[in-house]
Each structure stands twice: as C-alpha cells, then as structure tokens.
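To start, the structure itself, in structure tokens.
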Amino acid sequence: MNIPAGEKGALTRKAMRVGALAALGALVPLVVLATLTLTKSEAAVRNEVEARLRLTTALSSALIAEQVKSIVLLIEGAARRPRLVQALADGDPDHFDHAEIDQQLQALQEYRHGRTTSGLLDLDGILRGAPGAPELRGQDFSDRGYFKGVVATGGTYVSEAFVSAVRARPFVVSIATYVRGLATGGQSLGPPLGVLAASVELGEVQEIVDNVAAVQGVNLWIADQKGHLVAAPGGRPTALLPMASAPIESVTTVPVGRLVGVDDHGEELLAVRQQVVPLGWTVFAAVPREQAYAGATAIRTTVLAIASPLGVIVCAGIFLLLRTQRRQWRAEAQLALARDEARDASRQKSEFLANMSHELRTPLNAILGFSELMANEQADGDDRSVPSEWIDHIRTGGRHLLALINDVLDLSKVEAGRIELFPEPIELCTAIDEAVAALGPLLSDRKLRVTTTVPPLTIPIDRIRFRQILNNLLSNAIKFTPTDGQIFINAHRAGDQVHVSVTDTGPGISPADQARVFTEFAQVGDVKLRTGGTGLGLPLARRLAQAHGGDITLQSEPGHGARFTLTLPAAPHARPEAPPDSAATTYPSGGILVIEGDTTASLSLRTRLERAGYLVTLAATGEDGLAAARSCQPDLILLDLTLPSLDGRRVLQQLKDDPQLRHIPVAIINIDDDQEVGVALGAVDYFVKPVQHDALLGWLVHHSFIPPLDDHTINVLVIDDDPATLAVVTQTLQRQGVQVIDAANGTDGLRLARAHTFDLIICDLLMPGIDGFTVIAALHDDPATRNVPVLVLTSQDLTQNDRNRLAGKTLAIIAKGGETPADLQEWIHRITEITAITR
Ligand code: ADP
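Sequential numbering from 176 applies to the sequence shown in our numbering.
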C-alpha cells in the first residue's frame, strides 16, 4: 500500500525537524562543555603566565637594585676613607697627593676584582686620578651625566647607560659621589673636595638577567631611565640601543604588572613590565604565547579529539534513529490507511449486501409464492403436470436461499451497528416452548428427546431475535445429536443475568475449533457430519446476543456433546407502550383484508388463505384498502407498506386515526425488515416478504384468527405438535366435510378451545410446553369447555396411571398408526349423529 506523496513529504519534513532538534539538543551541551573546558584552561594558563612574569620581573628588579645598592655602598665607603680625604687636601688639584689617590682607586678596583673602573675628578670635572686609564688624566668630564648628577643632587648619583671613554668597557653606568672634607661649624657635611666615580660594565647587569631568565624560562629586557637597552635576551646589546629596537617596546606604555600580547615578527609574546626602584629602570619579561599555552593547546587538542568523533557518533545515532522512526511513522501511516480502507471496504460490503439482499428478495417472493401454490395444486387423478418433489426442491431451495440472505443481511446490519431491536418483556418458558414446538417435526424425525428445565423468568429481549438465536442453537443441537439422543434446555438466573443453555449429546467440538465456530462461514469438525449449513448461524446468534448486552459461550469436550450458553441481562426492561396482547384477545371469526400493491403476492396469498377457509378481500391501493375496511369491517388487515400513491404507513396511520377502524388489528407485510415503523404506528405484527404461508397460517391460529365456524358443519380442533399428524388428521376429516382448525401446541389449543365452540377436540398427549394431560385437565376444569368431547390421539403406550389421569375427561384414546384415519372417520360419524341430535 502506498502512502500519498504529500504525506510522505510531510513525514520527511517532520523527521528533519525532529532530527535538527535532537542534534541541537545533543550537540549544544557538547559544544558548551568543550568551549568551557577550553576557556577555563586558557584562563588558568594566562593567570599562571601572568604570575610567572610578574614574579620574574620583580625578582630581576630586586636583584639589580640590590647589586647597584651594594656598589653604591662600596663607593660611598671608599669616598669617606681618611687617606683619600687627606690626599685631596683642600680640593685644589695642585695640592692633590696623586700617588695616594691612585692607590686608593686601585684598592677600590681590586675590591671588586677589577669589574669596576674608578676615577677621581676635581670639582671642575677634570679627571685627576684613573689607575685603569692614565691616558685620560687631565681630560674634562664635567658634561658626563654622573658628574652633573652629583653636582645637582649633592649626593650619590647612578647614571644612565652610556658609552664609556674606557675602550675595554664600552657600555657602562657610572656611580659617583663627593669626597668631602671634615665638617666644620655645626654642618653635617664637610665641603666637597672632589668627585669619586666608578663605572659598572653593563655585562654585569646582563649576567643577573640571564641567570633569572634561565631559571624562570622567560625572556628579559632591561631599559635605563633614558630608554636605552641595558640588557636583552641573547646577550648584552652590542651598541647602546634605544627601546624602540626591542619587540616589547609597546609594553612601555602599559601599566606596570599587566599582561599584554605583543607581536614579535609574527610570533605573539605575552609580556609584563616592572620598575626597578629607585634607579628608574624598567624590567620587561616575556614568553612566546605558543609556549605558554602549550598545556592549554594540549587540552584543546584532547577535547577536540574526544568531542569531534563524539559529535559525529551522536549525529550518526540521531540519523539512524530518525531513519527507524521514519520507517515506523510510515508503517503507522500505512496501517492507518489500511484500517481506513478496511473500514471503507466493510461499509461498502454492508451496503452491497443490503442492496443485494433487497434485490434478491423481490423475485424470491414470487418464486416462493407460486411454488407454494403449485405444491397445493390439486392432482387430477394420478396426473400431475409438475412432480411434487420438484416443487419441494424449489421451495426448499428458495427457503434456504431466503434464510441465507436473511442471515447475511442481519449479520451486515449488526456489523454496521444498524440492527434495530425491539425489546419487550417475554416469558422465557413460553418463548422456549414455542421455539421447541416449531422444531417438533425435526425432533420427531430424528427421535430426539428434549428436556426443558426453565423457571418462570421474564427477560427484556426482541422476541423475534430471541427466537432466531434459540432456533440456531436448537437446530445445531438437532443436527449434531445422533438419532434417539437427548437435548437439554436449561435456564437460570445468575445475578443480573439470565443463562439459557442448550446442551446436546453429539460429537462435541475440539478445543482448537471452539473459537472458530463463532467466525463467519467457519464449519468445523468431521466433514462427513457437516450437513448443509452456511457457517453463519452462530456468528449471527452471538452478535445478536451481544447487541442485547449479552453473549454466547461454548463448553464442549470432544465425544461428550456441546453446551452453548446464551447470557442475557435479566433486569426487566420497561417499554413506554405495551404492545397489544393479541394472544389474549378474542376476535370474531371473519374476513381478512389484504392490502397489497404487488398483484402476484396478493393473489398467491389469497389462494392460500381461502384454501385454509378464510374469507379474503383484496385491495391493490391504500385508498381501496381504506374503503374496503370501512365497508366490510374485516377481522384482520394484512397491509403491505410499499403501496402506490397512498403509502402503507399513511394507510396504517389513517386506520388508527379512524374511530370505526382503529380496533381492527393490522399486521404488516413488507419487503424490508422495518419493524419499528409498523409497531410504532400500532401494527400487531410484522412479516417480511416473501411471507411464508405456513408461518402466516400458524400465526393466524396462534392469535385466534380462525376461519369462520359454520353451525351446519362439524367443527373440530386438532391439537398436535407434529405437522405430519396434523396433515393426516386434517385431510381425513375434511374429506368427511368437517371443518378443521389445528393448533401446533397446547397453549394455542387451549386458547382456541376457550374462544370458539367446537364439536370435537382431538388432542395429542406428548407435546413440548403444555402437554396433552394438562390441556385435557384444563378443558375439563373450565365450564365453557367441559362438555366438548375430547379424543386422545397418541403414539404413547399409556400406563395405568396415565389412563387414570385421563379417566372421565375424554371420549376415547386412539393410537397413532395405520388405523388412525378409519378410527377417526368412525368417531366423526358418531359425533355427527350426536350433534344432529343436540343442535
Ligand atoms: P452452520 O450450522 O450453518 O454450519 P453455525 O454457525 O450455526 O453454522 O455453526 C458453525 C459450525 O459450528 C458448524 O458448521 C459446526 O461445525 C459447528 N457446530 C455448531 N453447533 C454444533 C454442535 N452443537 N455440535 C457440534 N458442532 C457444532
């Protein structure tokens, strides 16, 4: 089954939406986690680098300051030595003791292992003593920074870096201080006599810086107060270079201690600067960013190495899940489509069946009507133009077809939920007796005994449907029970339910087949035992039971018979309007008005009814029917609902509205099973076309509509459940000019006997429901019937006890058998004589 392209597209879009959402849901946390890890690790690295560089610059500046301070202390100590002070006499260079001066300067240089060059200048800046460079003696150094610094501050002065005049030590800083005479006159300082200066080679600073840089793993630069590079990574600068030549030049403007990024020919450096107090120098420390972030980069690589495949796996998982999900959605969509199609097909099937059944019934109506007529056609001697078996075949086949169509139609109605039920409180006992009585011929054919145990119970149920269910269960039981077997019908109340069970002593049903018997068209068990049937009876019976809120269940053991139990709600069901109790009403004998639009049907109906002794009036339209009803005041109207011009429903309405006609009972005959309308409008019963004439005649007698009894003929009531006996007795008596009314069971017989005056009652003894003994006793007990002579016609061997029960209530007991017709003729003869006398 293919899903429409539009729906497919919608499913794909839905899958993509869900996929995108799922991917977002799964990947966003992954990305956030990875980003957080990276940011945190980078921040940690940055903090660590910043701390390291700050420490390094602080350490370097402290070491340099310390070194310079120690040299300052050394020079100041040397300047205060008394022998040097004496050697300068009064400060006049002409009075200087040059030998002593050189000796003192020499001692200073040796103290620093020759790493310091020292000199003495007079107060005009002329070099007067220089043991390391005697050639410079007499030169003027008054423009040197250190000289100017001492003159300006009056104290010790550390100069900026400069190019020294001493060739061997080109780049130096000089520390200079006054050599003062003894303080006089309360002054704290004595008068300056000369200036002692010592130069420190920049290599010494470079050494300190190199040591620190090596230990800390960083690059260090030192700049003096004029912005000249004093030290740099890779060694002391070969010339006195400005800061601008170093990559960290831009850091000079950044606040002290702040970590900044610096570009060094494409390589990024992280740098920090620090002041060397009190020299005014600056220490710069830097590390390549890549090196500093090596740890963070490793973390990033690891995180990416984990997160990337994880992301791919998650996406692949989502994709696979979506594919599966999409398949499931498609399967669900297909399932829904299939379900809709199945529903549609089922509806179409029901409609088809309903239409077909309707169409089939119409011709069947004619077939059955005329086959019945043919079957009752009088033979002309031994000649008969149509063999009676053929007609029987037509009739049996037609009936079978009709039953099948009715079953199929009912089933489709129940399936489509269109079954209409007319529940009314019915006497279980009576209903069961009637059903059994109707199957009397079949039971006696197979010599089956039925034992009924039913307490007085009333159940709310559709009478016709109940009969249908029971008929199915009983006919199955009859079908499967071997000759001479027994069938049990039991009923009891269990809480809110009534259980009616039909148990047979047939072959039973295997457990595997038990569920299948309720499936349409399923036939189970031994193929040889399957006699006809369609496999529709049980499914339909069960659906009907379910439509009443009940069910049918099965218990069976192979070889030990089967029990079908019908469960129904027991609560009495109140009907708004009780149907007329036609059975209790006594109608005067008289004519039947048939209002039927279909001439074929009306003719066949009239023939059959007239043969049974009824007066029949025909009307082909509603208007004629109403006129006929007014003029002949019939005892019963059989009304077809499908009439030309004035519709049958309106005819019924007018009959019921007319005070002169409303008392006449109306039974509907209709092609459709539309009971509700008829009953609602006041009809007493409803026959679905084609009307089965035997059933109609039985119904008429059952409701006391009997042909008019003639005072001039002998009227005999025959009560027997066996149709064959009834036929034999009726024919025998009719040949003698006797009018015969037959009743198929004790209940009907008793009612007819009370309602009409018969000259003789012939009664069977063994009957389902009320048996012959009871009927005879009741007739005897009723003053209205006590005097009617009763003949017992039985196939039973009567015990003495039986005879005692009948004694005084019957005329005679005739045994069923070969002599019956002769015996009956004899008795009719006698009755005729007696009647002639008594009338
Ligand atoms: P049908 O009798 O028309 O075949 P049903 O629906 O009434 O259809 O029954 C279905 C099948 O169940 C029968 O064909 C038969 O095989 C089985 N079945 C029904 N009742 C009995 C029973 N009392 N004993 C054994 N088998 C039965």
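Even glycine gets a Cβ: it sits at the ideal position worked out from N, Cα and C.
Separation of E732 from T995, as counted between CA atoms: Computed Cα separation, rounded: 44 Å.
Which two residues bound the contiguous beta strand (DSSP E) that contains R668? DSSP places R668 inside the beta strand (DSSP E), whose first and last residues are 661-669.
Whether or not the segment 942-952 and the segment 611-627 are in contact is what I'm after, with contact meaning three or more pairs of Cβ atoms, one per stretch, closer than 8 Å; do they touch? Touching, yes, given that three or more Cβ pairs across the two stretches are closer than 8 Å.
At a cut-off of 6 Å, would you count T709 as near the ligand ADP, judging by its Cβ distance to the nearest heavy atom? Checking every heavy atom of the ligand ADP against the Cβ of T709, one is found closer than 6 Å.
Say the cut is 6 Å; is the CB of L584 nearer than that to a heavy atom of the ligand ADP? No; taking the cut-off as 6 Å, the Cβ of L584 has no heavy atom of the ligand ADP nearer than that.
I'd like to confirm something about N651: is its beta-carbon nearer than 6 Å to some heavy atom of the ligand ADP, or not? N651: yes, Cβ under 6 Å from the ligand ADP.
Hey, could you find the ends of the beta strand (DSSP E) S374 is sitting in? Run containing S374: 367-376, per the beta strand (DSSP E) assignment.
For I684, is the beta carbon positioned less than 6 Å from some heavy atom of the ligand ADP? Yes.
If you check the beta carbons only, do V462 and V393 fall under 7 Å apart? Remark: C-beta atoms of V462 and V393 approach each other more closely than 7 Å.
If you draw a straight line from the C-alpha of D726 to the C-alpha of H674, how long is it? In this structure, the straight-line span from the alpha carbon of D726 to that of H674 is close to 10 Å.
Measuring from the CB of G660, is there a heavy atom of the ligand ADP at a distance below 6 Å? Residue side-chain check: G660 keeps its Cβ at 6 Å or more from all non-hydrogen atoms of the ligand ADP.
Consult DSSP for F739 and reduce its assignment to one of helix, strand or coil. If DSSP states are grouped into helix, strand and coil, F739 belongs with the strands.
Between A506 and the ligand ADP, is the CB less than 6 Å from at least one heavy atom? Incorrect: A506 has no Cβ contact closer than 6 Å to the ligand ADP.
Once the 5 residues before and after A858 are set aside, which same chain residues still bring their CB inside 7 Å of it? Cβ neighbours of A858 within its own chain (closer than 7 Å, five residues either side excluded): L827, V841, A842, I843.
Given G947 as reference, the closest of D956, G924, L935, A959 once Cα atoms are compared: Out of D956, G924, L935, A959, G924 has the C-alpha closest to the C-alpha of G947.
If you check the beta carbons only, do L444 and V333 fall under 7 Å apart? For the pair L444 and V333, the CB atoms are not nearer than the 7 Å cut-off.
In angstroms, rounded to a whole number, what distance separates the CA positions of A722 and V854? One C-alpha to the other measures close to 20 Å.
Under DSSP, the beta strand (DSSP E) around G700 begins and ends at which residues? It is not in any beta strand (DSSP E) - G700 carries neither H nor E in the DSSP assignment.
Cβ shell of E217 (< 6 Å), same chain only, five flanking positions each side left out: Take E217, set aside five residues on each side of it, and the residues of its chain with a beta-carbon closer than 6 Å to its own are A471, in chain order.
What are the partner residues of G766, as DSSP defines its beta bridges? Beta-bridge pairing links G766 to L790.
Report the residue from D399, T331, N386, F494 whose alpha carbon sits nearest the alpha carbon of M191. When only C-alpha atoms are compared, the closest one is F494.
Taking 6 Å as the cut-off, does the CB of A997 come closer than this to any heavy atom belonging to the ligand ADP? No; taking the cut-off as 6 Å, the Cβ of A997 has no heavy atom of the ligand ADP nearer than that.
For the beta strand (DSSP E) that I246 lies in, which residues bound it at each end? In this chain, I246 is not harboured by any beta strand (DSSP E); it is covered by the alpha helix (DSSP H) spanning 180-254.
Considering Q1015, what are the terminal residues of the beta strand (DSSP E) in which it resides? Nothing in the structure corresponds to residue 1015, since the chain is present only between 176 and 1014.
Could you give the distance in angstroms between the alpha-carbon of A340 and the alpha-carbon of I350? Taking the straight line from one Cα to the other gives about 15 Å.
Under 6 Å: does the beta carbon of G800 sit that close to some heavy atom of the ligand ADP? No - the ligand ADP has no heavy atom lying nearer than 6 Å to the Cβ of G800.
According to DSSP, is H878 part of a helix, a strand, or is it coil? For H878, the three-state secondary structure derived from DSSP is coil.
Grab the span of the beta strand (DSSP E) containing S685 for me, first residue to last. The continuous stretches of beta strand (DSSP E) do not include S685, and DSSP gives it neither H nor E.
Rounded separation between F1018 and P600 - CA only: Because residue 1018 is not part of the residues shown, which for the chain are 176 to 1014, the question remains open.
Among the residues of its own chain, which have a CB less than 7 Å from the CB of I1003, if the five just before and after it don't count? Residues of the same chain with a CB within less than 7 Å of the CB of I1003, apart from the 5 flanking positions on each side, are I889, L908, Q911, V913 in chain order.
Go through its chain and collect everything with a Cβ distance to L311's Cβ below 8 Å, but skip five positions before and after it. Apart from sequence neighbours up to five positions away, the residues of its chain that approach L311 with a beta-carbon distance below 8 Å are G294, L302, A305, A340, V341, ordered along the chain.
Enclosing alpha helix (DSSP H) for Y468 [first to last residue]: That residue, Y468, is in no alpha helix (DSSP H); it is neither H nor E in DSSP.
For the 8 Å Cβ check, are there 3 or more pairs between the segment 262-277 and the segment 492-510? Taking 8 Å as the limit for Cβ pairs, the verdict is that the segment 492-510 does not touch the segment 262-277.
Note the first and the last residue of the continuous beta strand (DSSP E) segment covering F1015. Examination of residue 1015 is not possible in this model, given that the chain is present from 176 through 1014 alone.
Suppose you measure from the CA of L743 to the CA of L713; what does that come to, to the nearest Å? For L743 and L713, the distance between alpha carbons rounds to 16 Å.
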